[in-house]
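Undergrad: Order-wise, the sequence lines are chains A and B.
Just so we're aligned: the first sequence equals residues 7 to 195 in the numbering used here.
Just so we're aligned: the second sequence equals residues 7 to 979 in the numbering used here.
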Amino acid sequence: MGTTASQLSKESLSEYQELTFLTKQEILLAHKRFTELLEKHEKDQIDARVPMNKIITLPELKSNPFKERICHVFSTSEQKDGSLTFEDFLDLLSAFSDSATLEIKSHYAFRIFDFDDDGTLDCADLEKLVNCLTGETNDAKLSSTEMKQLISNILEESDIDKDGTVNLSEFQHVISRSPDFVSSFKIVL
Amino acid sequence: MVEKFFQDHERKMPRDSLITSENDSEQDADLSLQEEHESKTHRTKRRDGDRQKKKRRNERRKGGTRAREGEEDLQAVSEKRERSKRKRAKSKQETSRRENNEEEEAQLTGGKGTKARKDIRNEKTRRMEKKEVGEVEENVDKGKKKQGSTKKGEKKEDGGKQLVKGKAREVKKKKHKKAETSSEPETSEEDDDEEEDNDKDVVRPECLSPEELEKLKEAVDERKKLIQSLRGKPWSMKKKLATLRESQEFVEKYEGALGKGKGRKLYAYKVLMTKKWMKFQRDFENFKTACIPWEMKIKEIESHFGSSVASYFIFLRWMYGINMILFGLTFGLVMVPEALMGRPYGSMPRKTVPRAEEASAMDFAVLWDFGGYAQYSVLFYGYYNSQRTVGWLKFRMPLSYFLVGVGTVAYSYMVVIRTMARNANESGVGDDNSFNFSWKMFTSWDYLIGNAETADNKFASITTSFKEAILEEQESHKDDNIHLTRFLRVLANFLVLCCLAGSGYLIYFVVRRSQKFALDGLENHTWWERNEVNMVMSLLGMFCPMLFDVISTLENYHPRVALQWQLGRIFALFLGNLYTFIIALMDEINLKRKEEKIVKFNITMWEASLYNGTVSENSTASPVTINPADVPRGPCWETMVGQEFVRLIISDTMTTYITLLIGDFLRAVLVRFLNYCWCWDLEAGFPSYSEFDVSGNVLGLIFNQGMIWMGSFYAPCLPALNVIRLHVSMYLQCWAVMCCNVPQERVFKASGSNNFYMAMLLVILFLSTLPAIYTIVSIPPSFDCGPFSGKNRMFDVIHETLESDFPPWFSKVFSYASNPGLVLPFILLMVLAIYYLQSTSKSYREANVELKKKLQMQNEENKRKNKRAALKAQMDLEEARMTAQEQQRNNNASVQDQEDDTDIHSSVQRPCQEKYGCNPPPPVGGRGRQMPSSRDPGSRTYNRGNHGPSGYLPGFARQSEPRMYRVPSLQRH
C-alpha cells in the first residue's frame, strides 16, 4: 500500500514488519497476491478494498468453513461487508502466521467463532460452529439430541463461571491447553 | 440531587489517580482539565500531597493553556485572559458555550463526530491501554460498534488515531511546560502561544531537571515497550500504524534530549546502535527464514493435505538437519584430515587393494557393493592408520575418530531429548482429557487446508469424531459378542507373532546363507544371491505391514487404537529384523576373528620366511621392499560391518524409491488413464489413488536413522550417504505426494503424534547404540586395520591420550573420577534427582487441579457480587435518569440521543465490570477544598443548577447529561 500499486514503499514495508508477525518476503508476497485481486483502476488507490466474495476465492481460504467470518472479523469496512484493505489483509495474515502468539491467535479465533459479535460464545454460536465444522451436507449434520449433548458437554468443560456462555478468558484458557491449536490455526500464502 | 450525585462521583475519583503512576497522574490532571473544559465530565484527578500543592500554581497555569489549547482546537480562541479564577471560570463558560454551538453545528451537518464524545472515548481507551487490557478495550470497541450507526464506526476509527495523537501532544506539551517552568517560571501566556508554534522543533534538554529527565526517560521507555508489544495487540492496522508512528516520533524526538553533555552523546550513540542492531536483527530474521530449505514446498503440501502430511516433511527436514551436522562432524574431523594429511593411498597394506582383487577393483558391480577401491578408502574404518598424529598439525587421528563416534551419538541424544522436551512443553502439561470436547470444537479445524477434497475429508472426520465422542460419553457402547471379538483378537495377535517370527528366521537364514556364499567367493553367484540379505529385508519391510493391515481387520478395534497397534507391530517387525541382522553380523564377526587369528599366525610365519629368504640371498640387511598389495592381511571385521550397513542403506533407499515409483506413480497413471476404458470406476472404486502413509513413512525414516547411528562408527561415509538419500527423497516424495496421492480419508492430528514419533526415535537411538557400544567395548579391534589397530580395546585411545598428552595430575584426577566409588554415588544422585523432579511435577499437577477448583469458586462468588453491583448501578441509573428527565423537560432534547447514550452505557458496562469490579469506593478526603475552583465540579453543578436552564443553549444539557451518569457507572463496576 505504498504510493504505487506495484511497489510498497520502504518505510511502510518496515512499519508493516514492525507491526505484524510477517517477514519481508511474506509481506511482499501478500502485496503481490492482494494487488492481483484488485481491479485495474484500483491498483493506484491506497485504500482500495477487495470485496469479500473476491477474498474468499483465494485458494487458501476457499475451502475454509469460516471464510466469511474471517473476512468480517478482519474487515475495517464501515458497511460491514467483509471487504478488506491491504492492511486488513496483512492483519489477517499476521494473526494466522507461524510466529503469531497464542494470545493473538486465540483472540481472533474467539472473534471468528463469535458469530453474533456479542462478545461471548453462547449456545447459538456453538451450534453454528458445530454446523460449520461438520460441513453443509445434510447427512453429516448431527441430530438435535446429539447437538444438545455436545453443547452441554462443551459448556460443562469450558464454562468455568457457569453463566451458560463461554467468554474470551475462558476460551483462551481452554485454547492455551490445546496441543495443536497453534499449529493448525495458520494460513500461509 | 444532581449535586449529591456529583459528590458521590467525586469520592470515587482519587482511586484512579492512585492507580496511575505519578507521571500519569499529572498527565491525567492535564487531561481532566481539558475534559472538564471541553466535555463537561468532571474528571478532576489530582493526587493529594505536598508535591501537588507546590506545583499547583504551575499546573493551574498549565491548565489554562491546556484549556486554551482546547479552544484552539475548536477555533474558539479567546485572546486575553486574566489570572483571576472567577474571570477564568467565566471565560470557560463562554468557551464551553461556544463549543456547544460548534458541536451542535457539527452534529447537524452530520459530518465528523463530536469532539467531546471522542475525547471521552479517548480517555477511556487510553486508560485501558495503560493497564494493558487490550481485550477489555476490544470489548468496549465492540460495544461501541453495537451502536450501529456507521457514523459512529467511523468515529471509532478516528478515535484510535486521535487518542494517540492527543496523548502524544499532551505529553509533549507537558514536557514542554516543564522545561519552561524550570527555566523561566513567570512567562506570560503569550509565550505559551509561541511555544505552541515552536513545539515541533524546540527541545531543550538543558532546561530539564534530573527528575523530569527521569520521567522523560520513563516515558520514552514506555513508548519503546509499546512499540515492541504492538504487534501482539489485536488492533486494526490503522490503529497500530498510527500508534507506531506517533510513538516513534515521540521516541525520536525525546531520545536525543536525554542525558547531558558527554552522556548525551553517548546516549545518542547507544540509541543509534540499538536501532542499527534492531534493524540487523530483523534482517537476520528475514535471512534465516529465507534460508530454511523447502519452506514453499512444505507450505504447498500443507495447503493440500493438511498439517499431518506436512508434519512428515517437516520431520524429514529435521532429520536432514541432524544428518547434516553428523556429516559435518565425520567429514570435517575424520575423513578430510585422513585424506589430506594421512599417508596416501598405496603406502601401506591397509590402504591398498590386495593383489587378488586388483583386477576387478574398478568394476561397477564391485564398487556398487562398496568393494574394491571403495572398500580401501576413507569411506570405511579399515583405511585409517593407527599413527598417533597426522600431518604438520599433529592432528590426533585415532582420538578424533573415537571422539567423533561418541559425539555423534551424544549429539543425537541431546537433540532428540531436547526436541521431545520442547514438544512436551508445547503440548501443555498433563491433563489431556479435561477439555476433550472443547478442543474438538475449537481446535479441530486445520486452517491450512486449501483443497476442497481434503476439506470434505476433514468435515467427515470431524463429524465422526464428534459422534464418537458423544457415544463414548454416553457409554452406550455395547459389544454384541465379546467372546468372538476376544478370540479374533487373540488369533490376530498370534498370526502377527507368527509373521514376526517367520520374518526373523528368514533373515537369519538368509544371512547365514550369504556367509556361505561369501566363503565361496562372490563371483560364482548370481546378483540375487549376492544381495539376498538386503533384498529380503526390504521386501519384508514392504509386505509385512500390508499383511498386518489385513490381519488387523479381524480385531475390530477403534481406528485410532488400530493405528497404534499397526504402528507397534511394524515397529516390532523392523526392530526384530534389525536385531536378527545384527545377531547374524555378530556371528560373522566371530567367524572373522577366528580367521584373523589364523592370518595373524600365518603372517608371522610369512614374515619370518621372507626375512630368512632375503637374508640368505643378500648379505646386506637392507630393508625389504614389498609391494603393499602383496602383503597378506587380516579380514578386518570392522570394515565388513561398515560395508553391510552401507549396503543395507543403499538397498533400503532403492526399495523406497522404487516402491514410490511403482506403488504411487504407476498406480496413479494406470488409474488415471485406464479409467477411460475400464468396466468400473477405477478412481472411486477398487485401486483408486494411494494415500500418503504418514506413519509408515515416518517409521521408515526412523529405522533408516537407526541404521545410520549403528553403522556410522564403522563407515564414516554413512551420514553423507544419508544426507544424499534424504535430499533426494525430499524432492521425490514432495513430487509424488503432489502428483499421485490423494488426501487421507482420516486426517490425523500432526502434533499429537509428534512426540510419539520422537519417542520411537529415542528408543531406536538407544537400541542402535547398544550393539555399537557392545562391539566397541568388548571386542578387540583388528590387528592390521583401522585407527585402533594394535590396541587391546578401542577406548584405550583415551588412556593413551591421557597419559601422553596431559600432565600426570590430570590422569590421576581422571582415574579417581572414574573410580566406581565415585561413579556409583553420582548415578544414585541422578536417580534421586529424577525421582524428586517427578514427584514435584506430580504435586504441581495436583495443585493445578486445586487451583482450577478455586478459580471456579471465585468466579461464582464474583458473579454474585457483580449481580449485586449491577443491581445497585441500575438504581443509580434510574436516579440519574430521573434527574436527567427533569432537565429534559426544560430542554427540547431529542429522545433519540438519549437512547443512544443509554445504549453506550449498557454496552460499556460489561467489560468495565471486569476491570473496575473490585474497586471499593475510596474514602472521602477533603478533596473539594484542594481543588482549584476553576475545575471544581461542584461549582459547575452550581452554575448549572442556578442558571442552567435559562442561560444555556439547549445543546448543552443534551450533550452533557447522559455522559454524567455514564462515567460513574464506569467507576462503580
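C-beta: ideal position from N, C-alpha, C; glycine also.
#1: For the alpha helix (DSSP H) containing Gly827(B), name the first residue and the last one.
#2: Could you pull out every residue in the same chain whose Cβ sits closer than 6 Å to the Cβ of Arg495(B), ignoring the five residues on either side in sequence?
#3: In the DSSP assignment, find the alpha helix (DSSP H) that holds Leu155(A) and state where it starts and stops.
#4: Output, in chain order, the set of chain A residues within a Cβ distance shorter than 7 Å of Pro3(B).
#5: Give a yes or no on contact between the stretch 71-83 of chain A and the stretch 160-175 of chain A, applying the rule of three or more CB pairs nearer than 8 Å.
#6: Whose C-beta lies closer than 6 Å to the C-beta of Cys746(B) among residues of the same chain, with five residues either side of it excluded?
#7: How would you call Val556(B), buried or exposed, if buried means at least 16 neighbouring beta carbons within 10 angstroms?
#8: For Asn499(B), which three-state DSSP category applies?
#9: By Cβ distance below 8 Å, which residues in the same chain neighbour Gln572(B) in space, the five residues on each side in sequence not counted?
#10: Do you know how far the Cα of Met766(B) is from the Cα of Leu597(B)?
#11: Between Leu581(B) and Leu385(B), is the Cβ-Cβ spacing less than 8 Å?
#12: Using three-state DSSP, classify Glu32(A) as helix, strand or coil.
#13: Tell me Thr126(A)'s beta-bridge partners as DSSP assigns them.
#14: Write down every uninterrupted run of the beta strand (DSSP E) in the stretch 305-332 of chain B whose length is 3 residues or greater and which is fully enclosed by it, in chain order.
#15: Curious, which full-length alpha helix (DSSP H) runs of at least 4 residues does the stretch 48-125 of chain A contain?
#16: Span of the alpha helix (DSSP H) holding Asn457(B)?
#17: Using DSSP bridges, identify the partner residues of Thr395(B).
#18: Does DSSP put Val384(B) in a helix, in a strand, or in coil?
#19: Say whether chain B places a C-beta atom closer than 8 Å to the C-beta of Glu163(A).
#20: Output the distance between the C-alpha atoms of Ala296(B) and Val502(B), rounded to the nearest integer angstrom.
#21: Measuring CA to CA, which of Thr414(B), Tyr682(B), Glu644(B), Gly706(B) is closest to Gly338(B)?
#22: Glu359(B) by DSSP, collapsed to three states: which one?
#23: Counting along the chain, where does the alpha helix (DSSP H) carrying Tyr663(B) start and finish?
#24: Can you give me the Cβ contacts of Ile120(A) inside the same chain, cut-off strictly under 8 Å, excluding the 5 residues immediately before and after it?
#25: What first and last residue would you give for the alpha helix (DSSP H) that runs through Trp815(B)?
#26: Would you report the Cα separation of Pro71(A) and Leu139(A), rounded to the nearest angstrom?
#27: Is there a C-beta anywhere in chain A that falls below 8 Å from the one on Asn854(B)?
#28: Strictly under 8 Å for the Cβ-Cβ distance: is Glu866(B) near chain A by that measure?
#29: So Val136(A) contacts chain B; which residues on that side make the cut at Cβ distance below 8 Å?
#30: Determine the chain A residues that contact Ala461(B) at a beta-carbon separation under 7 Å, and present them in chain order.
#31: So with CB distances below 8 Å, who are the chain B contacts of Asp51(A)?
#32: Who are the Cβ neighbours of Ile770(B) in its own chain at under 6 Å, not counting the five residues just before and after it?
#33: If you reduce the DSSP assignment to three classes, tell me which class Ser795(B) lands in.
#34: Could you tell me which of Leu28(A), Ser100(A), Leu96(A) sits nearest to Asp289(B), measuring between CA atoms?
#35: Between Pro777(B), Leu250(B), Glu218(B), which lies nearest to Ser20(A) when the distance is taken from Cα to Cα?
TA: Walking through what the data contain:
#1: 826-896
#2: Glu561
#3: As written in the sequence, residue 155(A) is Gln, which differs from the Leu given in the question. Unbroken alpha helix (DSSP H) run through Gln155(A): 150-164.
#4: Residue 3(B) is absent from the structure shown; chain B starts at 7 and stops at 979.
#5: no
#6: Asp670, Phe671, Ala674
#7: exposed
#8: helix
#9: Pro551, Phe554, Asp555, Ser558, Ser701
#10: 33 Å
#11: no
#12: helix
#13: Asn173(A)
#14: none
#15: 58-61, 65-68, 73-80, 92-101, 108-119
#16: Segment: none, Asn457(B) is in no alpha helix (DSSP H) and carries neither H nor E.
#17: Arg402(B)
#18: coil
#19: yes
#20: 47 Å
#21: Thr414(B)
#22: The question names Glu, but residue 359(B) is Val in the sequence shown. Residue state, collapsed to three classes: coil.
#23: 643-665
#24: Position check: residue 120(A) holds Asp in this sequence, whereas Ile was assumed. So the list reads Thr126, Leu127, Asp131, once near-sequence residues are dropped.
#25: 814-823
#26: 7 Å
#27: no
#28: yes
#29: Met447, Phe472
#30: Ser69
#31: It should be noted that the sequence gives Gln, not Asp, for residue 51(A). The premise fails here: Gln51(A) is roughly 16 Å from chain B at the closest Cβ pair, so nothing lies under 8 Å.
#32: Ile708, Gly712
#33: coil
#34: Leu28(A)
#35: Leu250(B)
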